[in-house]
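Student:
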Amino acid sequence: MDGIHDLGGMAGFGLFEVEENEPTFHEPWEETAFLTNIASVAMLRAYNTDEYRHSIERMPIDEYLPARYYERTLIGLTTLLIEKGLLDKADLDRRAGASVRVSQPAVANTDDGHTQSTAPRFCVGDRVRVRNMHPPGHTRVPRYVRGHSGTVLHVAPPFRFPDASAHGLPVRRECTYHVGFESRELWSESAEAADTVVVDLWESYLEESP
Amino acid sequence: MDGIHDLGGMAGFGLFEVEENEPTFHEPWEETAFLTNIASVAMLRAYNTDEYRHSIERMPIDEYLPARYYERTLIGLTTLLIEKGLLDKADLDRRAGASVRVSQPAVANTDDGHTQSTAPRFCVGDRVRVRNMHPPGHTRVPRYVRGHSGTVLHVAPPFRFPDASAHGLPVRRECTYHVGFESRELWSESAEAADTVVVDLWESYLEESP
Amino acid sequence: MSTRKTATPAAQAAAVKSALLEKGHLSDAHFDAAHAIEESLKWHNGARVVARAWSDPDFKARLMQDGTAACAELGFAGPEGEYIVVIEDTPEQKNAVVCTQCSCTAWPVLGLPPEWYKSPAYRARVVREPRKVLSEMGLDMPQNVALRIWDTTAETRYLVLPLRPPGTDDWSEDQLAAIVTRESMIGVALVVAEH
Amino acid sequence: MSTRKTATPAAQAAAVKSALLEKGHLSDAHFDAAHAIEESLKWHNGARVVARAWSDPDFKARLMQDGTAACAELGFAGPEGEYIVVIEDTPEQKNAVVCTQCSCTAWPVLGLPPEWYKSPAYRARVVREPRKVLSEMGLDMPQNVALRIWDTTAETRYLVLPLRPPGTDDWSEDQLAAIVTRESMIGVALVVAEH
Numbered sequence: 002m003d004g005i006h007d008l009g010g011m012a013g014f015g016l017f018e019v020e021e022n023e024p025t026f027h028e029p030w031e032e033t034a035f036l037t038n039i040a041s042v043a044m045l046r047a048y049n050t051d052e053y054r055h056s057i058e059r060m061p062i063d064e065y066l067p068a069r070y071y072e073r074t075l076i077g078l079t080t081l082l083i084e085k086g087l088l089d090k091a092d093l094d095r096r097a098g099a100s101v102r103v104s105q106p107a108v109a110n111t112d113d114g115h116t117q118s119t120a121p122r123f124c125v126g127d128r129v130r131v132r133n134m135h136p137p138g139h140t141r142v143p144r145y146v147r148g149h150s151g152t153v154l155h156v157a158p159p160f161r162f163p164d165a166s167a168h169g170l171p172v173r174r175e176c177t178y179h180v181g182f183e184s185r186e187l188w189s190e191s192a193e194a195a196d197t198v199v200v201d202l203w204e205s206y207l208e209e210s211p
Numbered sequence: 002m003d004g005i006h007d008l009g010g011m012a013g014f015g016l017f018e019v020e021e022n023e024p025t026f027h028e029p030w031e032e033t034a035f036l037t038n039i040a041s042v043a044m045l046r047a048y049n050t051d052e053y054r055h056s057i058e059r060m061p062i063d064e065y066l067p068a069r070y071y072e073r074t075l076i077g078l079t080t081l082l083i084e085k086g087l088l089d090k091a092d093l094d095r096r097a098g099a100s101v102r103v104s105q106p107a108v109a110n111t112d113d114g115h116t117q118s119t120a121p122r123f124c125v126g127d128r129v130r131v132r133n134m135h136p137p138g139h140t141r142v143p144r145y146v147r148g149h150s151g152t153v154l155h156v157a158p159p160f161r162f163p164d165a166s167a168h169g170l171p172v173r174r175e176c177t178y179h180v181g182f183e184s185r186e187l188w189s190e191s192a193e194a195a196d197t198v199v200v201d202l203w204e205s206y207l208e209e210s211p
Numbered sequence: 006m007s008t009r010k011t012a013t014p015a016a017q018a019a020a021v022k023s024a025l026l027e028k029g030h031l032s033d034a035h036f037d038a039a040h041a042i043e044e045s046l047k048w049h050n051g052a053r054v055v056a057r058a059w060s061d062p063d064f065k066a067r068l069m070q071d072g073t074a075a076c077a078e079l080g081f082a083g084p085e086g087e088y089i090v091v092i093e094d095t096p097e098q099k100n101a102v103v104c105t106q107c108s109c110t111a112w113p114v115l116g117l118p119p120e121w122y123k124s125p126a127y128r129a130r131v132v133r134e135p136r137k138v139l140s141e142m143g144l145d146m147p148q149n150v151a152l153r154i155w156d157t158t159a160e161t162r163y164l165v166l167p168l169r170p171p172g173t174d175d176w177s178e179d180q181l182a183a184i185v186t187r188e189s190m191i192g193v194a195l196v197v198a199e200h
Numbered sequence: 006m007s008t009r010k011t012a013t014p015a016a017q018a019a020a021v022k023s024a025l026l027e028k029g030h031l032s033d034a035h036f037d038a039a040h041a042i043e044e045s046l047k048w049h050n051g052a053r054v055v056a057r058a059w060s061d062p063d064f065k066a067r068l069m070q071d072g073t074a075a076c077a078e079l080g081f082a083g084p085e086g087e088y089i090v091v092i093e094d095t096p097e098q099k100n101a102v103v104c105t106q107c108s109c110t111a112w113p114v115l116g117l118p119p120e121w122y123k124s125p126a127y128r129a130r131v132v133r134e135p136r137k138v139l140s141e142m143g144l145d146m147p148q149n150v151a152l153r154i155w156d157t158t159a160e161t162r163y164l165v166l167p168l169r170p171p172g173t174d175d176w177s178e179d180q181l182a183a184i185v186t187r188e189s190m191i192g193v194a195l196v197v198a199e200h
């Protein structure tokens, strides 16, 4: 989904602070949220990390930016545990003494990828173009590279295709590619000529550059 | 600027309500905001509409979506009246008994357009492509058509080029074009084949389609 | 002097207006004049334009040729109406208008836009999934009708000329104007003959 | 039963945890195990990897060839570390890492990411105006050094191998590890020799 989480290149943000001697968590509930997510994924196996990322992307859109990072974790995992039938929202509301926050329902992708093989189709040095994709559900191809061409710098081993895996579609694995884009290809003359952005892209996101 | 205001195609939004017998304004301050803006533009000539639109685009990014429409009007006009030296923020804070809300400082565009003539370069039926532009300041070329090709349906008369006009750069006028894009060109196979989106684009935003 | 609290919109609007007046940048007369402009911006004006176009083929021809001039014939002009273009619905093509980047509309003939038109949801969605959005608004368009969405990104201000409903052949212009809705002139509804 | 109020994060986190425990989906032992994982995720691990690479050319060769295996040699592995790729700074090229869509990092060697890395501002800006962002963070890169920004969009987890600072030729691995910072391994700072 072309959601608010896909922040690469968005303007309107200003300075950010680098905290000295930052603690791992700023409040106790942040650690609880983190541990609950680890335990739910790794031990309970209630959901996978693709479903988890998408559960956050589905947050009410005007709540995403103001939320703290672990607030998003918490809203995502609460949503999934309810959707998977493990927990009940009314029960959680009772326990919390107020309405727990959840994300919006998922819209499933219909496209489960274009690659049927785990053998790489592209090699280092190949010119590739990012397909103009707009899947309604989870995807990891950022908007800022779609339609743009770059060069394969590295071929990574096959990993689960997230557009399918986040929606319970049959799990396939395919190679991902570290694709280098010249900054000017992405941002035109406003960018520095020598700079590059490298994006790690599943094979189904790519086509041969024309 | 590729800001949050450039909403076309963004996912994550749901149903919206159509109010029966809706009043023009829902609260008295909304009318005050509207009238103040009209008077400031048309009578005081404190700023132009391009500056006005940009003053809203510069709102703190996480305040944009939750704000009501006339709240954005109010924040924009307050920002401009202060920036133009007509009003003083400390004085306004005193009058309001609290801190009045304003937008972030502008980042000027350096590019004041590619067209030097008010005579149209393109004709109805021409295939054109939207340039891959990412100006840091005001622009009216939506992200969702950049890099995409369409057909000129209508040539409109010359209007002030907003990327320049919003930043006090020399005012030039150039034709705008109603460009029809097939939905599938913009959104790929997820869109209906027969549907089109028409976007009104200044000549400087366009190049011949390759 | 404390500026920690954020002003409410009501307090901020009052502060700005009082400062403009007290410093002499604007007078009450200016606000009155602005109010007079506001009063002139009515979507009922657009309904009159549509009813005239349905009733008078010569007017319709002028309207399609030069929307700004034809609307001005009826006395409708003003801010956000510098260049009005009329787009005509046909049995094969349904048109609807949006402004994805702010909320521009043809004020002199459509009035100030309603909440739904200004909502981020409509602005974001209608260029992407127009059929679904129209359907949610109660307008299910058959698959054989193409949708054309007009994004108000520059200075053209669009007015949709809806299809004249059947059974209205003998209606007067006033009768016709009475059934034209704002939503039909933005393009998200059809005009229905009511008895 | 009233659910009008929105739960605070603290109340929501406690509600979810208590429900999971009471319904028997998870036990305290699971939370203890998760906590043990958390404790193992330290950026100091990455500092040891960097110090070893600076000190041992053979290890560095293995690290560049297969980051996952080389980190595992030192005992560093775990969630968000399935495929670690090390990118080496050179006098001509400065690397920095981001995750524009969420906040992925190589947990086993970089620890859980800091606030600034997770901030929408860093995520949005560093792919667009990297030189300005690095400069604001105190790192002014000369124009003749190219910047390469790595967006963590898939399962590769990056670790930047910073330039070894001059004047550290005779330093021990422990001494070197003590000057490597988390920020230098994300790529937004240089390592400086402190005495």
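Chains B, G, W and P are the protein sequences, given in the same order. Residues in the first sequence are numbered consecutively from 2, following the working numbering. Residues in the second sequence are numbered consecutively from 2, following the working numbering. Residues in the third sequence are numbered consecutively from 6, following the working numbering. Residues in the fourth sequence are numbered consecutively from 6, following the working numbering. Yeah, the Cβ is synthetic: ideal placement off N, Cα and C, and Gly gets one too.
Buried or exposed: which applies to Gly10/B, given that a residue is buried once 16 or more other Cβ atoms fall within 10 Å of its Cβ?
Tutor: Counting Cβ neighbours within 10 Å, Gly10/B comes out buried, since at least 16 surround it.
Student: Here's the rule: buried if 16 or more other CB atoms are within 10 angstroms of the residue's CB, otherwise exposed. What is Arg46/G?
Tutor: Burial call: exposed.
Student: Beta carbon of Leu66/B, beta carbon of Asp63/G: below 8 Å?
Tutor: Cβ distance < 8 Å, so Leu66/B and Asp63/G count as in contact.
Student: Between which two residues does the beta strand (DSSP E) containing Trp155/W stretch?
Tutor: Run containing Trp155/W: Ala151 to Asp156, per the beta strand (DSSP E) assignment.
Student: Please give me, in chain order, every unbroken run of the alpha helix (DSSP H) with length at least 4 that falls completely inside the stretch 143-173 of chain B.
Tutor: Qualifying alpha helix (DSSP H) stretches, in chain order: 163-166.
Student: What are the partner residues of Gly181/B, as DSSP defines its beta bridges?
Tutor: According to DSSP, Gly181/B bridges with Thr152/B and Val199/B.
Student: Kindly say whether Met2/B, judged by its beta-carbon, lies nearer than 8 Å to any beta-carbon of chain P.
Tutor: No, no contact with chain P.
Student: Hey, is Ile154/P's beta-carbon within less than 8 Å of any beta-carbon in chain B?
Tutor: True, the Cβ-Cβ gap to chain B drops below 8 Å.
Student: Start and end of the beta strand (DSSP E) containing Leu166/P?
Tutor: Counting along the chain, the beta strand (DSSP E) containing Leu166/P begins and ends at Thr161 to Leu166.
Student: DSSP state of His209/G, grouped into three classes?
Tutor: Here residue 209/G turns out to be Glu, not His, going by the sequence shown. In this structure, Glu209/G counts as strand in the three-state DSSP scheme.
Student: Looking at the secondary structure, which residues open and close the alpha helix (DSSP H) in which Asn50/P lies?
Tutor: Residues Trp48 to Ser60.
Student: If contact is defined by three or more beta carbon pairs under 8 Å, each pair taking one atom from either stretch, is the stretch 19-28 of chain G in contact with the stretch 37-45 of chain G?
Tutor: Judged by Cβ distances under 8 Å, the stretch 37-45 of chain G makes no contact with the stretch 19-28 of chain G, as fewer than three pairs qualify.
Student: For Arg69/B, tell me which candidate among Arg96/B, Gly98/B, Asp89/B and Glu28/B has the shortest Cα-Cα distance.
Tutor: Of the listed residues, the one whose Cα sits closest to Arg69/B is Glu28/B.
Student: Are the stretch 9-26 of chain W and the stretch 194-206 of chain G touching, with three or more C-beta to C-beta distances below 8 Å?
Tutor: Output reads no: the stretch 194-206 of chain G does not touch the stretch 9-26 of chain W.
Student: Hey, is the stretch 75-89 of chain B in contact with the stretch 135-148 of chain B, meaning 3+ C-beta pairs nearer than 8 Å?
Tutor: They do not touch, by the three-pair rule.
Student: Just reading off the beta strand (DSSP E) that Asn100/P is part of, what are its end residues?
Tutor: Run containing Asn100/P: Gln98 to Val103, per the beta strand (DSSP E) assignment.
Student: By alpha-carbon positions, which one of Pro159/B, Pro121/B, Gln105/B and Ala97/B ends up nearest to Val21/P?
Tutor: The shortest C-alpha separation from Val21/P is found at Ala97/B.
Student: Would a C-beta distance cut-off of 8 Å place Trp155/W and Ile92/W closer than the cut-off?
Tutor: Cβ distance < 8 Å, so Trp155/W and Ile92/W count as in contact.
Student: What separation, rounded to the nearest whole angstrom, lies between the Cα atoms of Ala208/W and Asp94/W?
Tutor: Any property of residue 208/W remains undetermined from this structure, which presents chain W solely from 6 to 200.
Student: Taking buried to mean at least 16 other C-beta atoms within 10 Å of its own C-beta, is Pro119/W buried or exposed?
Tutor: Looking at its Cβ environment, which holds 16 or more other Cβ atoms inside 10 Å, Pro119/W is buried.
Student: So, with DSSP's three-state summary, where would you put Ser108/P?
Tutor: Ser108/P: coil per DSSP, three-state reduction.
Student: Which term fits Thr116/B, buried or exposed, when burial requires 16 or more other beta carbons within 10 angstroms of its beta carbon?
Tutor: Buried is the call here.
Student: Can you give me the start and stop residues for the beta strand (DSSP E) that Ile88/W sits inside?
Tutor: Inspection of the sequence shows that residue 88/W is occupied by Tyr rather than by Ile. Tyr88 to Glu93 is the extent of the beta strand (DSSP E) around Tyr88/W.
Student: Confirm, please, whether the CB-CB distance from Pro121/G to Val156/G is below 8 Å.
Tutor: Against a cut-off of 8 Å, the Cβ pair of Pro121/G and Val156/G comes out as a contact.
Student: Using a 10 Å radius around the Cβ and a threshold of 16 neighbouring Cβ atoms, would you call His49/W buried or exposed?
Tutor: So His49/W ends up on the exposed side.
Student: Determine, using beta carbons only, whether Phe81/W comes closer than 8 Å to chain G.
Tutor: Answer no: the Cβ-Cβ gap between Phe81/W and chain G never drops below 8 Å.
Student: Decide if the stretch 165-182 of chain G is in contact with the stretch 47-58 of chain G; the criterion is three or more beta carbon pairs, one per stretch, under 8 Å apart.
Tutor: The stretch 165-182 of chain G is in contact with the stretch 47-58 of chain G.
Student: Measure the C-alpha to C-alpha separation of Asp89/B and Pro135/P and round it to an integer number of angstroms.
Tutor: Taking the straight line joining both Cα atoms gives about 45 Å.
Student: Is there at least one Cβ from chain W nearer than 8 Å to Glu193/G's Cβ?
Tutor: So yes, Glu193/G belongs to the interface.
Student: Assuming Ser108/W and Lys123/W form a contact by the criterion Cβ under 8 Å, report the distance between their Cβ atoms to the nearest whole angstrom.
Tutor: Contact flag correct, Cβ pair sits at about 4 Å.
Student: The stretch 2-24 of chain B: which residues have C-beta closer than 7 Å to a C-beta of chain G, in chain order?
Tutor: Listed by position along the chain: Met2, Asp3, Gly4, Ile5, Gly10, Met11, Ala12, Gly13, Phe14 and Gly15.
Student: From which residue to which residue does the beta strand (DSSP E) around Arg130/W run?
Tutor: No beta strand (DSSP E) holds Arg130/W; the alpha helix (DSSP H) holding it covers Pro125 to Arg130.
Student: Name, going along the chain, the residues of the stretch 47-74 of chain P whose beta-carbon falls closer than 8 Å to a beta-carbon of chain B.
Tutor: Those residues of the stretch 47-74 of chain P that come within reach of chain B (Cβ to Cβ, closer than 8 Å) do not exist; the list is empty.
Student: For a contact meaning CB atoms closer than 9 Å, what does Ile57/G contact in chain W?
Tutor: Result: Cys107.
Student: How is the beta strand (DSSP E) around Arg130/B delimited, first residue to last?
Tutor: Unbroken beta strand (DSSP E) run through Arg130/B: Arg128 to Val131.
Student: Apart from the five residues on each side of it in sequence, which residues of its chain come closer than 6 Å, Cβ to Cβ, to Glu192/P?
Tutor: It should be pointed out that residue 192/P corresponds to Gly in this sequence rather than to Glu. Counting only Cβ-Cβ distances below 6 Å, and skipping sequence neighbours, we find Asn100, Ala101, Val102 and Val165.
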